[in-house]
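Visitor:
There are 2 protein chains.
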Amino acid sequence: MVRDDVVRLSHGAGGVLTKQLVEKVFLKHLKDRTLLELEDSAVLDGLRCGRLAFTTDSYVVSPLFFPGGDIGKLSISGTVNDLAAVGARPLYISAGFIIEEGLPYDVLGKVARSMAATAKRAGVKIVTADTKVVEHGKADGLFINTAGVGVVEGASLGRGCIRKGDAVIASGTMGDHGATILLSRKRDEVRFDTNIKSDCAPLNGMLLPVYKEFGSGVHWVRDVTRGGLFTILNEAVDDSRLDVEVSEREIPVDPEVRSVCELLGLDPFYLANEGKVVLIVDCRIADLVIGRLKAHRYGKDSAVIGRVKKGDGKVYVETVTGGSRLADSLLDDPVPRIC
Amino acid sequence: MVRDDVVRLSHGAGGVLTKQLVEKVFLKHLKDRTLLELEDSAVLDGLRCGRLAFTTDSYVVSPLFFPGGDIGKLSISGTVNDLAAVGARPLYISAGFIIEEGLPYDVLGKVARSMAATAKRAGVKIVTADTKVVEHGKADGLFINTAGVGVVEGASLGRGCIRKGDAVIASGTMGDHGATILLSRKRDEVRFDTNIKSDCAPLNGMLLPVYKEFGSGVHWVRDVTRGGLFTILNEAVDDSRLDVEVSEREIPVDPEVRSVCELLGLDPFYLANEGKVVLIVDCRIADLVIGRLKAHRYGKDSAVIGRVKKGDGKVYVETVTGGSRLADSLLDDPVPRIC
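If you read the sequences in order, they're chains A and B. Numbering-wise (the numbering used here), the first sequence opens with residue 1 and increments by one. Numbering-wise (the numbering used here), the second sequence opens with residue 340 and increments by one.
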């Protein structure tokens, strides 16, 4: 008997069965008017633009569902955050699904519902999509690619804007997402009673008002994902004549995440977040920026964690014991497939 | 010994190794100035817009290389064609790579080179990208997602523009890509000495001048991919008060593709192309459109293959023996993973 509640290879053929899958599972949740037209491309009217932001990310996180989120929430949040990080207002999202044959419809439905809810919260529209199916054993359940289009409304952000003396801000606790994924995978090995959950969230609602208020005082923003805080800070000053110096004591870390990291021998500053950013801003507005961030639910633990200095493209950490050490980019991967 | 010529899981970690992979393999070929900035999103200046087209497709074709193309050429052509099909000038492409651990660098390099060459020919820029790596056995070598952004310059195209009496045009021979992929997979089983190759190509160079010259006389365009000609024609009139009637005798098919289909018991009108479109146009300009298409290398075999009539959303084929039969959308999949 052919099961009618799982995805089959012929659901990827582009014919009647693809249409059924799309209607039954995706369109039920993703109801955008443009998407429903099912044309080859979404045509988006009345865009006021000039400077467009465009980004893409594939999501291969394992497991698909984890405390605080799932691949669907992640696939919208991550792409929204990439747009917001360059100063853009995220508007439109595309979704490409690569499905392993045998994936239950209800898994796909839960993911689609989560994407729809996250898109709604972030104020973006999922306007175009694609579905492919591969044989059992040729993918791992579900991979999602999202691309995003936004409009840059304010001042330019970029590495080139970073100046000596700038303040370095973390918008919250570091490593939450990476620690959550790691614990989800080790649930059978590690008994650890914890409330740790992923910080996965769309940050445009927190960031855009900051850009609007502080304009060119905000110099560089990056969401802290793969590679963690220290890798992202290296990207800020790499190949430049600047260093970043951060104080370990000032970097917010959830106490439970810290315990998990100690237990497993990991450094939270190389673990990913999916709902945190680093901002490098003019030091004169740092406290005001912190005030604005703290007023938002996703920024309540934000803190100034360091300064930009003259240097040669390195990141230094002042340790809790008062010493200083070099913090390189991530070399080996502590937690693969976290996003 | 760790091999340094294949992709490893830690190449997906977002740190030093990801940077090395990106620089060694991708940036060597994909040299766009915006891409090279490696920011979270590409920021695209000076776009004259108003009506933007946005599309996405994932490519999971197996094998990765085939006569006439490869997954790289396909991933640019397919997305360019989706934009051109809605009347847009394709401008920017994003690329998301999902790589199976162990994939040789030189495979990835060949694919990247092919993407760069196809993008150049199509006049589009690959401006933003992402790389993920999954464990051996969790993907099939390489999957690529591309999303595309274009600007709609001319008249609107869409199902709603199709009128009774319109002419249906195929821009060339049907089924070439599907037959090529099928033969590539069966090379060990089927001895068939043939020159068949995929028609995989970007069609914007052929289509945009047609839109410009004939304006609102062109009503609907769709690239003939998964599901083949008959499935695509069903999409044109599905749920409408129109039928499409095509003449089997008039539909261009390469003689070798026809032989392969007879040998394997397949219908070329359900096999995919990756470099052909169907155009539905005002019948008064059909011959002029054919003239313009034939003048282009990708349209030399174009032909009027049928008409739009009053009806109830069906596609009918006048067979070579003079009868008429209903041509439904594709139900089962004759050749999975063709794109």
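Heads up, the beta-carbon is just placed ideally off N, CA and C, and yes, glycines get one too.
Spell out a yes or no on whether the stretch 299-310 of chain A and the stretch 188-199 of chain A are touching, meaning 3 or more CB-CB pairs, one atom from each, closer than 8 Å.
Guide: Result no; under three Cβ-Cβ pairs closer than 8 Å.
Visitor: When you compare the CB of residue 533(B) with every CB in chain A, is at least one pair closer than 8 Å?
Guide: Chain A contact via Cβ: absent.
Visitor: So, under 8 Å CB-CB, residue 453(B) and residue 411(B) are touching, yes? Tell me the CB distance rounded to an integer number of Å.
Guide: Indeed, because the Cβ distance is near 3 Å, the residues count as touching under 8 Å.
Visitor: To test your reading of the DSSP string, which unbroken beta strand (DSSP E) runs of 3 or more residues are found completely within the stretch 45-117 of chain A?
Guide: List check, beta strand (DSSP E) in window: 52-59 and 88-100.
Visitor: Considering only residues of the same chain and omitting the five flanking positions on each side of residue 327(A), which have a CB-CB separation below 6 Å?
Guide: So the list reads 230, 315 and 317, once near-sequence residues are dropped.
Visitor: Applying the 10 Å Cβ sphere with the 16-neighbour rule, what's the burial state of residue 262(A)?
Guide: So residue 262(A) ends up on the exposed side.
Visitor: Between residue 380(B) and the rest of its own chain, which residues show a CB-CB distance below 7 Å, the 5 nearest in sequence each way excluded?
Guide: Only 467 meet the Cβ criterion.
Visitor: According to DSSP, which residues form a beta bridge with residue 664(B)?
Guide: Answer is 656(B), bridged to residue 664(B).
Visitor: Pick from 548(B), 632(B), 659(B) and 465(B): whose alpha carbon is nearest that of residue 372(B)?
Guide: Selected option, being the one with the closest Cα: 465(B).
Visitor: Identify the contact partners of residue 331(A) in chain B, using a Cβ-Cβ distance below 9 Å as the criterion.
Guide: By Cβ distance, chain B contributes 349, 352, 354, 355 and 356.
Visitor: Flag residue 467(B) as yes if its beta-carbon sits less than 8 Å from any beta-carbon of chain A, otherwise no.
Guide: Chain A, which has a Cβ nearer than 8 Å to the Cβ of residue 467(B), makes this yes.
Visitor: For chain A, find out if any of its Cβ atoms is closer than 8 Å to the Cβ of residue 428(B); answer yes or no.
Guide: Answer no: the Cβ-Cβ gap between residue 428(B) and chain A never drops below 8 Å.
Visitor: In angstroms with no decimal places, state the Cα-to-Cα distance between residue 439(B) and residue 622(B).
Guide: Roughly 49 Å separates the two Cα atoms.
Visitor: Please confirm whether residue 619(B) and residue 575(B) have their CB atoms less than 8 Å apart.
Guide: Contact flag set, yes.
Visitor: What are the residues that DSSP puts in a beta bridge with residue 142(A)?
Guide: Answer is 99(A).
Visitor: Which of the three DSSP states is assigned to residue 586(B) in this structure?
Guide: Three-state DSSP puts residue 586(B) in a strand.
Visitor: Smallest Cα separation from residue 339(A): which of 508(B), 432(B) and 473(B)?
Guide: For residue 339(A), the nearest C-alpha among the options comes from 473(B).
Visitor: Take residue 510(B) as the anchor and find which of 607(B), 546(B), 430(B) and 650(B) has the nearest alpha-carbon.
Guide: Minimum Cα distance to residue 510(B) is reached at 546(B).
Visitor: Relative to the C-alpha of residue 122(A), which candidate in 257(A), 74(A) and 25(A) has its C-alpha closest?
Guide: Residue 74(A) is the option with its Cα nearest to residue 122(A).
Visitor: Which whole-angstrom value describes the C-beta separation of residue 518(B) and residue 599(B), a residue pair presumed to lie in contact below a C-beta threshold of 8 Å?
Guide: Between residue 599(B) and residue 518(B) the Cβ distance is about 5 Å, and since that is below 8 Å, they are a contact.
Visitor: Does residue 578(B) come out as helix, strand or coil in the three-state DSSP assignment?
Guide: Here residue 578(B) sits in coil by DSSP.
Visitor: In terms of alpha-carbon separation, which member of 594(B), 409(B), 540(B) and 645(B) lies closest to residue 308(B)?
Guide: Past the boundaries of the shown model lies residue 308(B); chain B is included only from 340 to 678, so the question cannot be answered.
Visitor: Counting along the chain, where does the beta strand (DSSP E) carrying residue 712(B) start and finish?
Guide: This structure leaves residue 712(B) out entirely; chain B is present only between 340 and 678.
Visitor: Starting from residue 605(B), follow the beta strand (DSSP E) in both directions and report where the run begins and ends.
Guide: It is not in any beta strand (DSSP E) - residue 605(B) carries neither H nor E in the DSSP assignment.
Visitor: For my contact list, residue 397(B) and residue 98(A) are in at a C-beta cut-off of 8 Å; report their separation, rounded to the angstrom.
Guide: That belief holds up - the Cβ atoms of residue 397(B) and residue 98(A) are roughly 5 Å apart, short of 8 Å.
Visitor: Verify the CB distance criterion: does residue 404(B) have a CB-CB separation below 8 Å to chain A?
Guide: No, no contact with chain A.
Visitor: Any beta carbon from chain A within less than 8 Å of residue 679(B)'s own beta carbon?
Guide: A question about residue 679(B) goes unanswered here, because the residues of chain B that appear run from 340 up to 678.
Visitor: Within 10 Å of its beta-carbon, does residue 669(B) have 16 or more other beta-carbons around it, so buried, or fewer, so exposed?
Guide: Buried: at least 16 other Cβ atoms inside 10 Å.
Visitor: Spell out whether any CB of chain B is found under 8 Å from the CB atom of residue 209(A).
Guide: Not one chain B Cβ lies under 8 Å of residue 209(A).
Visitor: What residue does the alpha helix (DSSP H) around residue 287(A) start on, and which one ends it?
Guide: 286-294 is the extent of the alpha helix (DSSP H) around residue 287(A).
Visitor: Whole angstroms are fine: how far does the CA of residue 548(B) sit from the CA of residue 394(B)?
Guide: Answer to the nearest angstrom: the Cα atoms are 21 Å apart.
Visitor: Give a yes or no on whether 8 Å exceeds the smallest Cβ distance from residue 132(A) to chain B.
Guide: At least one chain B Cβ lies under 8 Å of residue 132(A).
Visitor: The alpha helix (DSSP H) that contains residue 466(B), what's its start and end?
Guide: First-last for residue 466(B): 464-473, but that is the beta strand (DSSP E), not the alpha helix (DSSP H).
Visitor: Apart from the five residues just before and just after residue 96(A), which ones in its own chain have a Cβ nearer than 6 Å to its Cβ?
Guide: For residue 96(A), where only same-chain residues beyond five positions count, the Cβ hits under 6 Å are 130 and 145.
Visitor: Over what stretch of residues does the beta strand (DSSP E) that includes residue 9(A) continue unbroken?
Guide: That residue, residue 9(A), is in no beta strand (DSSP E); it is neither H nor E in DSSP.
Visitor: Within 8 Å of any Cβ in chain A, is that where the Cβ of residue 393(B) sits?
Guide: Yes, because at least one Cβ of chain A sits closer than 8 Å to the Cβ of residue 393(B).
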